[in-house]
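Participant:
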């Protein structure tokens, strides 16, 4: 195997593929990165057996040459050193060569690295998804769906199914839902092209977080294929495969109250900043509890209290407050997460009393829903 | 006590003073920050009893008003919350008020924080330096002196004296020296104004690192006073007091060879980048050892070797090589630290054989000296 490659292209691909490579894996060769040279380009592969990522660098694209002098072949390189070496090489191009004894030479300018490779034949064959069932989405929309929901997954392994995000595609509506049983985040969008439906698959939150980091903010399409135990995200040069979580995701729709006793309309950023400040004195308590009190149908008071340290109080003007007066306590962290996910200037918050879950939504947009369970305070 | 202060001024001062405040201190009140309001301005104080920092915000400077409506008084506030509160306040001004029950109110816009203060009378009196013996330096020069030497101090408590930087002021020459007994860094500069001399004081490395972070890169003067157990750095609005280390600093001058067998002139950045790359494959070894070999009076080869992983080789062209051929091994980390401290385009490296310490200096500048002990390799 031999090729000469543009260093910046190689760096970008190596970074993407590294997201799937773990130093802790039961299969030692998976701590390495597979490099395959074919006439038409170079493919890098990394996997921790939960997530597998392939990144492809075409020999030529858009009239630009990225890889030259390709001699076909493949090798596995230790991933611990390879990214740093590539990043620090002196020239704009890199020559990579592997001989029949699995000795790899990396050259750039006068710098030469000789590394011990491993036989690519010993690298596990990645499962190829046997399905034509897929749908398409804009990449930046997918990133938004992930960002607006994945923070609400559970980080505790007591209910493993809650460490994933629930995906549902029905009637050309795609819905992401995440909950840790104290709060819930969901987002729904219409999908144009779809030849499948599924009612409930669960993608590990870790997979979605890594995918989010790799994807560019572009309106290019991303193709998503689903089988009963895997999900594949595919763009032009990227192939991201994740296992699905086993188990039944809880029915969340009945958590969402369909009535409300108090409705608050308020500027998102005002509320966010006020709660952020109040949370500074809510730290003593594990739950970072702050209290919200409506006042005279126009004003909201946010307070927090740490007996040893002191208290914070701040009033903000609401756009409007409808219904009953309210005093309610909740986790400032959950509220901050939810408000950050809203991405609209104004929010509508629907309460059904101090002990019932409440709902946060953008005004005039029901596709984003954030739900938080209040905290009892005495 | 009461005053209204520009928030950005307060933030900057609080950040500086926080550098001296530790959560681990034998004297509980030192986890707090002392605030004193006087007619002419506000003084903040923090101390961990090794380092004490005072920052002063004048009521007015350069025709700008920074503090208004001052009612004199003082209070101690818990430092754990105060900086975050000030940073997150909504408006450009902050009102701080303490009542006779030590209740402190911080107001900005509609945000109000009520904190429990402590009696400033209980805050330890900082030792005032009783001396007129001082000298002056440009602040940016002092920062340079620190940066070029402090990295070479020992981090091990086995020889506490080596965790400090040795300062010497004789014949209007100020010299900083640091060594961990494997390498040494020193820098000497002339001082214009000085009414003292001292042959050997040792300032804790930690103090100099904190001072470095606080000082601005300005050519404004900084006044330095020294007694037998303390050193004071004073600028217009800052007062930085550190204890000195007890003990005798080792005589380092005889470590420095006065002859050389091989002299190498080379571009600093070329050598730095090459060693940086080679160090990637020197990690297996605790000492990050790389090897330097002179070749044909014109070329230097840098190599490293990690038996399990592979080897790196790179040649660089020297400006010139004088004297005997040489093979020498040394810690890449020490060499990188030394080269970064040089700050000149070209370096001169003087070797006295593979087993003797070698010296790195800028070409045509003897005021900066870096010394490294080689590593035996077999």
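Protein chains in written order, with the working numbering: chain A, 1 to 378; chain B, 1001 to 1378.
Each residue gets a CB set at the ideal place from its N, CA and C atoms; glycine is no exception.
Given the structure is predicted, the values throughout are model-derived calculations rather than measurements.
Quick check on DSSP: helix, strand or coil for residue 156 of chain A?
Facilitator: Here residue 156 of chain A is taken as the residue at index 156 of the first chain, counted from 1. Correct three-state label for residue 156 of chain A: coil.
Participant: Which same chain residues end up closer than 6 Å to residue 221 of chain A when comparing Cβ atoms and leaving out the 5 residues on each side of it in sequence?
Facilitator: Residue 221 of chain A sits at position 221 when you count from the first residue of the first chain. Cβ within range, chain order: 136.
Participant: How about the stretch 357-373 of chain A and the stretch 178-187 of chain A: do they share at least three Cβ pairs that are nearer than 8 Å?
Facilitator: The answer is yes - the stretch 178-187 of chain A touches the stretch 357-373 of chain A, with three or more Cβ pairs under 8 Å.
Participant: Between residue 1310 of chain B and chain A, is the shortest Cβ-Cβ distance under 8 Å, so that the two count as touching?
Facilitator: As a working mapping, residue 1310 of chain B is identified with position 310 in the second chain. Yes, residue 1310 of chain B lies at the interface with chain A (some Cβ there is under 8 Å from its Cβ).
Participant: Looking only at C-alpha atoms, which of B:1113, B:1027, B:1312 sits nearest to residue 277 of chain A?
Facilitator: Position 277 of the first chain, counted from the start, is the residue given in the question as residue 277 of chain A. Per the Cα distances, B:1113.
Participant: Checking contacts by CB at 8 Å: is residue 377 of chain A closer than that to chain B?
Facilitator: Position 377 of the first chain, counted from the start, is the residue given in the question as residue 377 of chain A. For residue 377 of chain A, the answer is no, since every Cβ of chain B falls outside 8 Å of its Cβ.
Participant: Cβ closer than 7 Å: which chain A residues qualify as neighbours of residue 1314 of chain B?
Facilitator: Counting from 1 along the second chain, the entry for residue 1314 of chain B is found at position 314. Those within 7 Å of residue 1314 of chain B in chain A are 110, 111, 112.
Participant: Quick check on this structure: which residue in A:243, A:218, A:193, A:234 has the alpha carbon closest to the alpha carbon of residue 207 of chain A?
Facilitator: Position 207 of the first chain, counted from the first residue, corresponds to residue 207 of chain A. Residue 207 of chain A has its Cα closest to that of A:243, out of A:243, A:218, A:193, A:234.
Participant: Starting from the C-beta of residue 291 of chain A, find all residues in its chain whose C-beta is less than 6 Å away, skip the five residues before and the five after it, and write them out in chain order.
Facilitator: Position 291 of the first chain, counting from 1, holds the residue named residue 291 of chain A. Correct list, in chain order: 303, 329.
Participant: Listing by chain order, which chain A residues have their CB less than 8 Å from the CB of residue 1276 of chain B?
Facilitator: Taking the first residue of the second chain as position 1, residue 1276 of chain B is located at position 276. Under the 8 Å cutoff, chain A gives 88.
Participant: Roughly how many angstroms lie between the CA atoms of residue 393 of chain A and residue 13 of chain A, to the nearest whole one?
Facilitator: Examination of residue 393 of chain A is not possible in this model, given that chain A is present from 1 through 378 alone.
Participant: For residue 1345 of chain B, count neighbouring C-beta atoms within 10 Å of its own C-beta (all shown protein chains included) and say buried if the count is 16 or more, exposed if not.
Facilitator: Within the second chain, numbered from 1, the residue matching residue 1345 of chain B stands at position 345. Residue 1345 of chain B is exposed by the Cβ-count criterion.
Participant: What span of residues does the beta strand (DSSP E) with residue 293 of chain A cover, start to end?
Facilitator: Locating residue 293 of chain A in the first chain gives position 293, counting from the first residue. Unbroken beta strand (DSSP E) run through residue 293 of chain A: 289-295.
Participant: Considering residue 265 of chain A, what are the terminal residues of the beta strand (DSSP E) in which it resides?
Facilitator: Translated into positions along the first chain, residue 265 of chain A becomes position 265. Element bounds for residue 265 of chain A: 262-267.
Participant: With DSSP as the reference, please indicate the residues paired to residue 1037 of chain B in a beta bridge.
Facilitator: Residue numbering aside, residue 1037 of chain B sits at position 37 when the second chain is read from its first letter. Residue 1037 of chain B pairs with B:1042, B:1073.
Participant: Taking just the CA atoms, how far does residue 1311 of chain B sit from residue 204 of chain A?
Facilitator: Counted from its first residue, the first chain places residue 204 of chain A at position 204. Counted from its first residue, the second chain places residue 1311 of chain B at position 311. Spanning the two alpha carbons is a distance of roughly 39 Å.
Participant: Please check if any C-beta of chain A sits within less than 8 Å of the C-beta of residue 1337 of chain B.
Facilitator: The residue labelled residue 1337 of chain B in the question sits at position 337 within the second chain. Chain A, which has no Cβ nearer than 8 Å to the Cβ of residue 1337 of chain B, makes this no.
Participant: State yes or no: is the beta carbon of residue 84 of chain A nearer than 8 Å to at least one beta carbon in chain B?
Facilitator: By 1-based counting over the first chain, the position of residue 84 of chain A is 84. Yes - at least one Cβ of chain B is within 8 Å of the one on residue 84 of chain A.
Participant: At what residues does the alpha helix (DSSP H) containing residue 1082 of chain B begin and finish?
Facilitator: Against the second chain, residue 1082 of chain B aligns to sequence position 82. Looking at the DSSP string, the run of the alpha helix (DSSP H) that includes residue 1082 of chain B is 1082-1088.
Participant: Would DSSP call residue 212 of chain A helix, strand or coil?
Facilitator: Indexing the first chain from 1 puts residue 212 of chain A at position 212. DSSP places residue 212 of chain A in helix when its eight states are reduced to three.
Participant: Could you give the C-beta distance for residue 387 of chain A and residue 169 of chain A, rounded to a whole number, given that I count them as a contact under 8 Å?
Facilitator: Any question about residue 387 of chain A goes unanswered here, given that chain A covers just 1 to 378.
Participant: Where does the unbroken beta strand (DSSP E) through residue 1116 of chain B begin, and where does it stop?
Facilitator: Taking the second chain and counting its residues from 1, the one referred to as residue 1116 of chain B is at position 116. 1111-1116 is the span of the beta strand (DSSP E), which, as asked, contains residue 1116 of chain B.
Participant: With distance defined between alpha-carbon atoms, name the residue in B:1214, B:1177, B:1117, B:1361 nearest to residue 1265 of chain B.
Facilitator: For this step, residue 1265 of chain B is matched to residue 265 along the second chain. Considering only alpha carbons, the answer is B:1361.
Participant: Of the residues that make up the stretch 239-255 of chain A, which ones have a beta carbon closer than 9 Å to any beta carbon in chain B?
Facilitator: none
Participant: So, does the CB of residue 364 of chain A fall closer than 8 Å to a CB anywhere in chain B?
Facilitator: Counting from one through the first chain, the residue named residue 364 of chain A turns up at place 364. Taking Cβ atoms only, chain B never reaches closer than 8 Å to residue 364 of chain A, which makes this a no.
Participant: Mapping the DSSP letters down to three states, classify residue 1356 of chain B as helix, strand or coil.
Facilitator: For this step, residue 1356 of chain B is matched to residue 356 along the second chain. Coil, per DSSP.
Participant: Starting from residue 1379 of chain B and walking both ways along the alpha helix (DSSP H), at which residues does that stretch end?
Facilitator: The requested residue 1379 of chain B is not part of the displayed model; chain B covers only 1001 to 1378.
Participant: Measure from the C-beta of residue 1292 of chain B to each C-beta in chain A and report whether the shortest distance is under 8 Å.
Facilitator: Position 292 of the second chain holds residue 1292 of chain B. No, because no Cβ of chain A sits closer than 8 Å to the Cβ of residue 1292 of chain B.
Participant: What do you get for residue 166 of chain A, buried or exposed, if any count of 16 or more other CB atoms within 10 angstroms of its CB means buried?
Facilitator: In the first chain, the residue the question calls residue 166 of chain A occupies position 166. Under this definition residue 166 of chain A is a buried residue.
Participant: With respect to the alpha helix (DSSP H) encompassing residue 196 of chain A, which residues constitute its N-terminal and C-terminal limits?
Facilitator: The count along the first chain starts at 1 and reaches residue 196 of chain A at position 196. Unbroken run through residue 196 of chain A: none, as it is neither H nor E.
Participant: With a threshold of 8 Å between beta-carbons, can residue 267 of chain A be considered close to chain B, or not?
Facilitator: The count along the first chain starts at 1 and reaches residue 267 of chain A at position 267. Not closer than 8 Å to any Cβ of chain B, the Cβ of residue 267 of chain A fails to qualify, so no.
Participant: Check whether the Cβ atoms of residue 87 of chain A and residue 11 of chain A sit closer than 8 Å, and answer yes or no.
Facilitator: Numbered from its first residue, the first chain carries residue 87 of chain A at position 87. Numbered from its first residue, the first chain carries residue 11 of chain A at position 11. Contact: yes.
Participant: Quick check on the DSSP output: the alpha helix (DSSP H) that includes residue 1376 of chain B runs from which residue to which?
Facilitator: By one-based count along the second chain, residue 1376 of chain B stands at place 376. Neither: residue 1376 of chain B is in no alpha helix (DSSP H) and is coded neither H nor E.
Participant: Which value, in whole angstroms, describes the spacing of the CA atoms of residue 30 of chain A and residue 123 of chain A?
Facilitator: Taking the first residue of the first chain as position 1, residue 30 of chain A is located at position 30. Taking the first residue of the first chain as position 1, residue 123 of chain A is located at position 123. About 7 Å.
Participant: Can you list, in chain order, the stretches of the alpha helix (DSSP H) that have 4 or more residues and sit fully within the stretch 3-29 of chain A?
Facilitator: 7-18
Participant: Measuring only the C-alpha atoms, how far is residue 1263 of chain B from residue 115 of chain A?
Facilitator: Taking the first residue of the second chain as position 1, residue 1263 of chain B is located at position 263. Taking the first residue of the first chain as position 1, residue 115 of chain A is located at position 115. Answer to the nearest angstrom: the Cα atoms are 33 Å apart.
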